[in-house]
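Numbering (my numbering), first residue to last: 47 to 114.
Here the structure comes first, spelled out in structure tokens, and everything after it is commentary.
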């Protein structure tokens with residue numbers, strides 16, 4: 047079963063989007079490593095790409111995440 051993203055994890059993804067643009071432009075191993083260093087959680091690149099897509103398309107707007 048998929049593990050939900052914490053508020054901190056979503057903030058990390060938001061900061062990665064700000065740094066790199068769409069996460070599909072980052073090599074998967076680089077994305078996974080940088081995400082782990084910042085969040086302390088291991089996630090596969092595909093899951094991160096989908097979470098970034100959902101973040102960019104307003105699926106997490108109700109959380110009122112700070113501007114990255």
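From the three backbone atoms N, C-alpha and C, an ideal C-beta is built for every residue, glycine too.
Please read these numbers as outputs of a predicted model, since none were measured by experiment.
The alpha helix (DSSP H) enclosing residue 92, as first and last residue numbers: The residue given as residue 92 occupies position 46 in the chain shown. It spans 91-102 - the alpha helix (DSSP H) in which residue 92 sits, taken as one unbroken run.
For residue 109 and residue 52, the rounded distance between their alpha carbons: Numbered from its first residue, the chain shown carries residue 52 at position 6. Numbered from its first residue, the chain shown carries residue 109 at position 63. Going from the Cα of residue 52 to the Cα of residue 109 covers about 11 Å.
Distance between residue 112 and residue 91 (C-alpha atoms, nearest Å): Locating residue 91 in the chain shown gives position 45, where the first residue counts as 1. Locating residue 112 in the chain shown gives position 66, where the first residue counts as 1. Rounded to the nearest angstrom, the two C-alpha atoms are 23 Å apart.
Closer than 7 Å: residue 81 CB and nearest the ligand MN heavy atom: The ligand MN is absent from the structure shown, which contains no ligand whatsoever.
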